[in-house]
Ligand SMILES: Cc1ncc(C[n+]2csc(CCOP(=O)(O)OP(=O)(O)O)c2C)c(N)n1
Ligand SMILES: Cc1ncc(C[n+]2csc(CCOP(=O)(O)OP(=O)(O)O)c2C)c(N)n1
Ligand SMILES: [Mg+2]
Ligand SMILES: [Mg+2]
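Residue numbers (my numbering), protein chains in the order written: chain A, 251 to 620; chain B, 251 to 620; chain C, 50 to 391; chain D, 50 to 391.
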């Protein structure tokens, strides 16, 4: 690859514009209608998941929820672009991608509900635990891909992070290790213009985040992150390259976080309502819907079917989250190491005694444990 | 600045080739003869310092010495390019630059002698302590430059690191902070092709280290690190830009570490003698000498004068290092914090008692302290 | 000075004293420090327009401008490393790291430079910087948001480590930390951010001094941060059961106030150390060991400790089982070989 | 098993036992582990062609190929973070971090992931990885090359932390660490790298077990790493003065062998803990506190500790004043309230 080919385009790849009009591209083909329909279904479900989670937070059933409202094209694009043997390394904001990948919504929400730190079997759907410490998971993705390639598997790993996370040292080290070891990883950055309150302009002075790629000797590309067709095409291309041994790629998807960072955040403190409103016009659902309706592919029946599917997921989320899990205090000690140390056993006994006394005392003296 | 202008050239800037022939450059002017003579004097002294330090290690007077033999054009280029109000943030390998900047050789060697961690007054010559933890000092340089600019000073900070250090997360964070805050820092990477035993090809897959700059939105440039004229020109240009408010620059100087990493290292384990020998022909001294002799500027008298000057420095080093410093055990406790804590005072009393007993016991029972 | 959880009205307090939450007291300390010294700057992630995720820097940018309080790129080593350079060049940076676990990327800068630069340069370069870290649990936060990492810092020579337990100390200790020529790790107990108390801005506190938070003669509770109100509550309950419990707010983990602590425990002959962090190789073990060694002849019973378990911090819904609570403290007190056989 | 500093000839030893330096024993353990399990890989800075700055990986690349032992880019968080991903995917990475202080850039990965991933996933993902770190002083190294950072790791729940003091334990503990399904921080006392001793490759050692390194009845010395030979030397000297000194090699800092340690100290009634690291909030304070608490009724005197000072590690020429030495240990023993009034 020539040096110039490592640089991203000056304008992000876009295959369907905000009005739903097809945009032709010399390099990237638009996914076919079936795939776009599947993507649309995903977007509808993703949006519903975001809305439902928001409602559950307000009802006190979720401790916290970092919404990907507005970023669903990235979330669904990632889930669809991955092959079944591939792996996803997501962040706290990627619950929609995690669920779209097949993880049970209730299990995906365990972290945000507060029952445990991660609630799903990572191997069942090939999804690593959602990572909170920023950019750290990118390195795990690199090591994971290294091991897969070493075993001769053709697994590709897609690692997600946000614009803010690109400033962390671990982002740099992950990109560099990936390039030097030439592992099958695609780094997919959702540039949603904010890291909590800090806008991209405070995060970097680079022409684009994708321009970082050449510094590692890997190709970088920019895509309109609200255009699921573009995301699928650019991501698909990078995944293919990774699978065939052409090494890692950095993709920057330009999107926007439509809601506050989490429910605990107050975004009126740092951005104007006008700015947020302007992005409504670039909504990933509206444009794909317009495109598919224009193409005659999206019928009212299909729309109703998708909406119903999304409702089913939402209902399942409500049900799961309205049930209080039976939590076992001994779990605190069960998984720290594979064999429980004498110290932890002693500590568990202390706690068990307390709980026992509390339980037996409860009938007599409500509230007191002594 | 256009995006393309942030990219380095495909071929490193060179103003004098290995044979000593002048190379013209559209952008960078060759320093005048006086400056080149000053540089040559510096190279002669630098080489002598490296040789002398090596000898002192063999004689057991220095604990360790990371030699910059072969890299003197970088060391001297940096020292000469800096204005007197500017600051240098060097590494363990940059003793020659530190001394060329004005630090007393004996004080510069305190670390390597083992008397203390750093031996010079950083403010006297505006040289930060030589840094051992790789890339960490780049961030200090950024903060330092930030403070200088905030006070309205036109100080420029030049921060040094090696090729290996560019892989560290702190390199990335320093570049990014410098670019975002637009501070007057020049990052000068001496790519000497090795990080201890690890060759550059294992360190990065990038077209060049200078290609990393665009990922931060700052210009990157490559220079022949064995051509002091090129180093002075490229560094001078970047320093001027920084001083006039045009922000940071990343410079990669391509050079070669002619000796082992330190005296403790055995470079025959990881590189062929032929490879090392090939670089003798690109020696920074030979080419500048040829150039200046050809130009009629470097007379035998001047050569003798420079050699004598270098001998004086070497003699001073020998004298300083052959003297055992009077070390005070209380120093262990003196500088930890500005006020000694009761804990440290207690611990010092313990040690003082031990030493007192040892001293009084010594005459009677040699060796024993009880 | 105890925490008043009621929202006492400002006009009810004497002229120079205000009733503030700890978060407001910290905000006031930052504002006063910025106003008092042009070299004081506050920066970190989201400390500007947002005012910090806990609003401790609320309004500072608006009031003092971008030059005095500003956001950085998202990189903790970058934040601390840059602060080191600023401190080398005459500034007094006060940086915020968002949560304990997110201070860890800066650990090399803190241990290898912040803690050591003064010593490395024989005092030639001092490090007058403050690293503020919201610490501890009790707020139902998810993983990585509730750790207590004071042991990492307290074990590192060269660092001063303090933690307030009242709004007054929050104000006074933060002012003292910012004035200190040495680097200070300033740990803010998240759980206490919203608790209120009187703050007299003219009150100063010496770093290195513990505080007798409650007098008592039977047993001494040694605590810091969010464990201090817990200790006070336990003391109250124990009083009802007829035991006179002294509470010492350690407040300054390093330097440590041996004089106050030793005298306190010698006076009662019994002690329990309380801290949220996992107990193994912790500040609590240090205090326990010191007290044992210095009060050996005075002890009626082994010094006990009540700490977090040696497990990762619990998820929100299991937190109540993890955190030291009044009952656990009372149990520890009960185990101290009382003559009445309790 | 004690360290024989004489260069005993190989043919003088019995058939299945070799006399090796600790560095050779570690090298052998790595080679044997690589040979035994295809998922074991060794990587880090300079571990390939160079064989590591201490030559612990000498010859591994040559013998087993680049696939089994290789150099990485120079980035410690990268090394550990990549190892985490490998471990998640079935490999058994053994990484080398060049010196204690240069492990610090990886601290976030170690604390937030290596230590916690197993717990986070309810055991769904285990972390069978080993992080080898040359540790401690005594070799005249310059700043950042001689620290002892075991407290940072031992305080972190989820990590197993071990350190050998003999070539035999170096071999057996490293094999055990590599076989462990859990992450192990393996601390190699630099000062002991070149000391020799017998190594029986069929000897196994349980992580979590301390070792009685010397029998004795008057006082127990508790030590690990390079402090073990120091303790043995002190015991020898004390014996000459008529005191019978027991030495326990802690060996496994976490999990901790309370049973052995408690029984040992109860049997003598006196104890001194020895470690090089600064004492404050250290593993030494933990041991001291544990022993105090568990042996309170058996103690004739307060448990003492002999540790590094609470200062940054000393420069080479001041090191001898900094490091615990025989005299300091003997002084501590002398202070233990002996009936003979010594
Ligand atoms: C190492 C680390 N530092 C700080 C945080 C606190 N934090 C959580 S999310 C966030 C902003 C992340 O921004 P970005 O990477 O753009 O992702 P986004 O939230 O926009 O999806 C911050 C600062 C963290 N989780 N990890
Ligand atoms: C954070 C950190 N990791 C590891 C080391 C050990 N170390 C010292 S020098 C060195 C190689 C550095 O290579 P490079 O940056 O190219 O500089 P050079 O020595 O070639 O001048 C290493 C790995 C260190 N000093 N700091
Ligand atoms: Mg973002
Ligand atoms: Mg190099």
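For each residue, glycine too, the CB sits at the ideal point set by N, CA and C.
First and last residue of the uninterrupted alpha helix (DSSP H) at residue i
| i | result |
| --- | --- |
| residue 627(A) | Chain A is shown from 251 up to 620; residue 627(A) falls before or after that span and cannot be answered. |
| residue 209(D) | Unbroken run through residue 209(D) is the beta strand (DSSP E), 209-211; no alpha helix (DSSP H). |
| residue 93(D) | Looking at the DSSP string, residue 93(D) is not in any alpha helix (DSSP H); the run it does join, the beta strand (DSSP E), is 89-93. |
| residue 451(B) | 450-453 |
| residue 550(B) | 550-572 |
| residue 221(D) | 216-228 |
| residue 362(B) | 360-363 |
Burial state of residue i, where buried means 16 or more other Cβ atoms lie within 10 Å
| i | result |
| --- | --- |
| residue 369(C) | exposed |
| residue 168(D) | buried |
| residue 592(B) | exposed |
| residue 161(C) | buried |
| residue 558(B) | exposed |
| residue 317(B) | buried |
| residue 87(D) | exposed |
| residue 52(D) | Any answer about residue 52(D) is weak, because its pLDDT of 33 lies below 50 and its placement is not dependable; what the coordinates show is given next. The residue is buried, with at least 16 neighbouring Cβ atoms inside 10 Å. |
Proximity of residue i and residue j at Cβ, strictly below 8 Å
| i | j | result |
| --- | --- | --- |
| residue 126(D) | residue 419(A) | yes |
| residue 539(B) | residue 548(B) | yes |
| residue 232(C) | residue 287(C) | no |
| residue 299(B) | residue 563(B) | yes |
| residue 341(C) | residue 351(D) | yes |
| residue 669(A) | residue 468(A) | Because residue 669(A) is not part of the residues shown, which for chain A are 251 to 620, the question remains open. |
| residue 366(A) | residue 171(D) | yes |
Enclosing beta strand (DSSP E) for residue i [first to last residue]
| i | result |
| --- | --- |
| residue 118(D) | 118-120 |
| residue 245(C) | 245-249 |
| residue 406(A) | Counting along the chain, residue 406(A) falls outside any beta strand (DSSP E), and DSSP gives it neither H nor E. |
| residue 499(B) | 499-504 |
| residue 357(D) | 353-357 |
| residue 159(C) | Per DSSP, residue 159(C) belongs to no beta strand (DSSP E) and is neither H nor E. |
| residue 329(C) | That residue, residue 329(C), is in no beta strand (DSSP E); it is neither H nor E in DSSP. |
Same chain only: Cβ atoms within 7 Å of residue i, ignoring 5 sequence neighbours per side
| i | result |
| --- | --- |
| residue 200(D) | 326, 330, 331 and 332 |
| residue 155(C) | 125, 126, 128, 129 and 146 |
| residue 293(A) | 322, 323, 326, 478, 534, 535 and 538 |
Own chain, CB closer than 8 Å to residue i, minus 5 neighbours either side, in chain order
| i | result |
| --- | --- |
| residue 384(B) | 341, 411, 412, 414, 415, 418 and 420 |
| residue 360(C) | 327 and 371 |
heavy atom of ligand 6 below 7 Å from residue i C-beta
| i | result |
| --- | --- |
| residue 411(A) | With respect to ligand 6, the structure shown offers nothing to examine, as its ligands consist of ligand 1, ligand 2, ligand 3 and ligand 4. |
C-beta neighbour in chain G for residue i, strict 8 Å
| i | result |
| --- | --- |
| residue 320(C) | You won't find chain G in this structure, because its protein chains are A, B, C and D. |
Same chain, Cβ closer than 6 Å to residue i, five either side skipped, listed in chain order
| i | result |
| --- | --- |
| residue 377(A) | 338, 348, 351 and 353 |
| residue 280(C) | 270, 272, 296 and 323 |
**OP:** With 9 Å as the limit, tell me which residues of the segment 497-509 of chain B have their beta carbon closer than that to any beta carbon of chain A; keep them in chain order.
**Re:** Answer in chain order: 497.
**OP:** Output, in sequence order along the chain, the residues in the segment 157-189 of chain D whose CB is closer than 8 Å to any CB in chain B.
**Re:** 189
Original post:
At a Cβ cut of 8 Å, what residues of the segment 403-436 of chain B count as close to chain A, listed as they run along the chain?
Top reply: 417, 418, 419, 420, 421, 422, 423, 426, 429, 430 and 432
**OP:** Determine which residues of the segment 352-372 of chain C have a Cβ less than 8 Å from any Cβ of chain A, and write them out in chain order.
**Re:** 358, 359, 360, 361, 363, 364, 365, 366, 367, 370 and 371
Original post:
If you measure beta-carbon to beta-carbon, which residues of the segment 130-145 of chain D are closer than 9 Å to chain A?
Top reply: Flagged, chain order: 130, 131, 132, 133, 134, 135, 136, 137, 138, 139, 140 and 142.
**OP:** Scan the segment 307-318 of chain C for residues whose Cβ lies nearer than 9 Å to a Cβ of chain B and list them as they occur along the chain.
**Re:** The segment 307-318 of chain C vs chain B, Cβ under 9 Å: 307 and 308.
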